[in-house]
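Numbering (the working numbering), first residue to last: 9 to 532. No residue lacks a Cβ here, since even glycine has one placed at the ideal position from N, Cα and C.
Written out as structure tokens, the structure is:
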């Protein structure tokens, strides 16, 4: 048999099939926006003539998927399913379906079927990679942050991991076990079993049997491993599949119960691993409301909850007000965090102030006149700089506070448009910052309460934020003075030693002792 012609003939057949697929994609390109498929020239070399004595050696080849030297197709997994997921999102967006079952059915029929085609054979080594497609689809559908934990995504939506579908490989194993020895799949199966039981630790990377055995062993089914090569597996097949489902469900529940990033979610989760949360099945809620409720449930902090409420309620009608609210929430949170931090670090801050007040270190009359002059000059310059920074910044902060807390509310009252917003939206727009309140916004005491809270924030924030900034700058100025003094004291060791009664060597040792001690206090 002419193997060269056979291989070349196969290449030609694959090439023709790819050209037909390209024509089909070109014909349907206007119906939907899909990711462009790789061109033939990107993967295919020029076709060798049929009478070529040798075929060129390549590092990769495209035959539906990109085949490399290692033959592990991890980089192409999910490519086609991503295109299918994009198409599903377009269908849901255009159809405006309010049924959660419709969304999951479309995902299963278009995305899962594409992604998991023949996954019983190739998917056992890619269980974690396959799951990314499902969680990304749900997060994209409900507009969740990308850092939302996957276990929260599965429990909230009532979805099992896609790896459960892949692990139906047990069914395929059963079929292989019942095949006759003349069948080609059974011969391959027997060869993989032989390699798995060979001497030494088997490498599961390329051995399908080893991969399945590792999965079964992880589930605690070691007692069933003795019968996996016989018809006894038929009796345990359903039990193994049930253990697989329970294993993944228990892992997700355990992660929720022990979660440190979102401990609040365990209090509102129903822990029903077979069906989604009840609100997802309410047809009275449209998709935007579902997204708002779901984001509030999976938010990992109170700050995320507040910002979600703010943006969801007003982002459509008043984007500027939404930005102001988010800025106000972040500012309040930063102020509270700063106050807590200052209270926790108060001992350290007091010790630093004490060191600055004591001038860091006392040389006990071992400094010469030149060192004392350097210290005096540096302290005078630092004092002038601190005075300038203090006056300029305090003036700017005072003007900004007056503008925000007095002038801006006055201008809002004078130029307030009553038609802005809806009467029952709950937003007080004549305050310094447009903010939502649960009180009646037309009652004077509710508006006064909002003004009072915002004034407290407006006047306390500069004292905390800029106060800590001033402290840092002033501490740097004093540190600079001490560094200049340390530099000069090391340069004038001999002049300082001559002023001390006694041998010059003892004087140098004493002066160096003080300078080294000064250095240790500054940098330790």
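* Asked: Exposed or buried, residue 195, counting other C-beta atoms within 10 Å across all chains shown (16 or more means buried)?
  -> By the 10 Å Cβ count, residue 195 comes out exposed.
request  = Could you tell me if residue 160 is buried or exposed, where buried requires 16 or more neighbouring beta carbons within 10 angstroms of its beta carbon?
outcome  = With 16 or more other Cβ atoms within 10 Å, it is buried.
**Request:** Mind checking which residues open and close the alpha helix (DSSP H) that includes residue 128?
**Result:** 127-130
Q) Do residue 390 and residue 492 have their CB atoms nearer than 7 Å? A) no
Cβ-Cβ separation, residue 172 to residue 124 (assumed contact under 8 Å), whole Å = Contact flag wrong, Cβ pair sits at about 11 Å.
Practice item. Measure the Cβ-Cβ separation of residue 571 and residue 150 and say whether it is below 7 Å. Key: As displayed, the chain neither begins before 9 nor continues past 532, which places residue 571 out of reach and without an answer.
Tell me which residue opens and which closes the alpha helix (DSSP H) that residue 377 is part of. 377-410
If we define contact as Cβ-Cβ less than 7 Å, is residue 525 a contact residue for chain D?
This model lacks chain D altogether; it includes just one protein chain.
Residue 247 versus residue 186 - alpha carbon distance | 19 Å
* Asked: For residue 410, which option in 464, 260 and 182 has the closest C-alpha, if you only look at C-alpha atoms?
  -> 464
>> Can you give me the C-alpha to C-alpha distance between residue 509 and residue 408, rounded to a whole angstrom?
In response: Cα-Cα distance, rounded: 60 Å.
Practice item. Report yes or no: do the region 259-274 and the region 139-158 share at least 3 C-beta pairs separated by less than 8 Å? Key: yes
Quiz item: Touching or not, the region 478-492 and the region 347-356, by the rule of three or more beta carbon pairs under 8 Å?
Solution: The region 347-356 and the region 478-492 do not touch, with fewer than three beta-carbon pairs separated by less than 8 Å.
**Item:** Segments assigned alpha helix (DSSP H), at least 4 residues, entirely inside the region 121-167
**Value:** 127-130, 135-150 and 158-165
- Query: Thinking C-beta only, is residue 291 closer than 7 Å to residue 106?
  - Reply: yes
I need the boundaries of the alpha helix (DSSP H) containing residue 285, first residue and last residue.
Run containing residue 285: none; DSSP gives neither H nor E here.
Quiz item: If you count every other CB in all the chains shown that lies within 10 Å of the CB of residue 406, and 16 or more means buried, which is it?
Solution: Counting the other Cβ atoms within 10 Å of the Cβ of residue 406 gives fewer than 16, which makes it exposed.
Suppose the cutoff is 6 Å on Cβ atoms and the five residues either side in sequence are ignored; what does the same chain contact list for residue 515 look like?
505 and 508
Item to check | Beta-carbon spacing of residue 119, residue 93 below 7 Å | outcome: yes
Just mark residue 521 as buried or exposed, buried being the case when its beta carbon has 16 or more other beta carbons within 10 Å.
Residue environment for residue 521: exposed (fewer than 16 other C-beta atoms within 10 angstroms of its C-beta).
> How big is the Cα-Cα spacing for residue 199 and residue 133?
Replying inline: Rounded to the nearest angstrom, the gap between the Cα atoms of residue 199 and residue 133 is 19 Å.
*In its own chain, which residues sit with a C-beta less than 6 Å from the C-beta of residue 143, not counting the 5 before and 5 after it?*
Beyond the five residues adjoining it in sequence on each side, residue 143 comes within less than 6 Å, by CB distance, of 158 and 161 in the same chain, given in chain order.
Q: Return yes when the Cβ of residue 108 is within less than 7 Å of the Cβ of residue 304, no when it is not.
A: no
Query raised in the report: Apart from the five residues on each side of it in sequence, which residues of its chain come closer than 8 Å, Cβ to Cβ, to residue 147?
Result: 153, 154, 156 and 161
Using only alpha-carbon positions, find the residue among 512, 168 and 468 that is nearest to residue 135.
168
Is the beta carbon of residue 519 sitting closer than 7 Å to the one on residue 374? yes
ask   = Should residue 141 be counted as a contact of the ligand COA given a C-beta to heavy atom distance under 6 Å?
value = The ligand COA is not among the ligands present in this structure, which contains no ligands whatsoever.
| query | Is the distance from the Cβ of residue 166 to the Cβ of residue 271 below 7 Å? | reply | no
- Item | Which of helix, strand or coil DSSP assigns to residue 178 | helix
Pick out whichever of 206, 349 and 170 has its Cα sitting closest to the Cα of residue 112. The shortest C-alpha to C-alpha distance from residue 112 to any of 206, 349 and 170 is the one to 170.
Query - Same chain, Cβ closer than 6 Å to residue 503, neighbours up to 5 away in sequence not counted - result: 376
Contact under 7 Å by Cβ, residue 379 with residue 496: Note that the C-beta distance between residue 379 and residue 496 is below 7 Å.
| query | Do residue 281 and residue 257 come within 7 Å of each other at the CB atom, strictly closer than that value? | reply | Yes.
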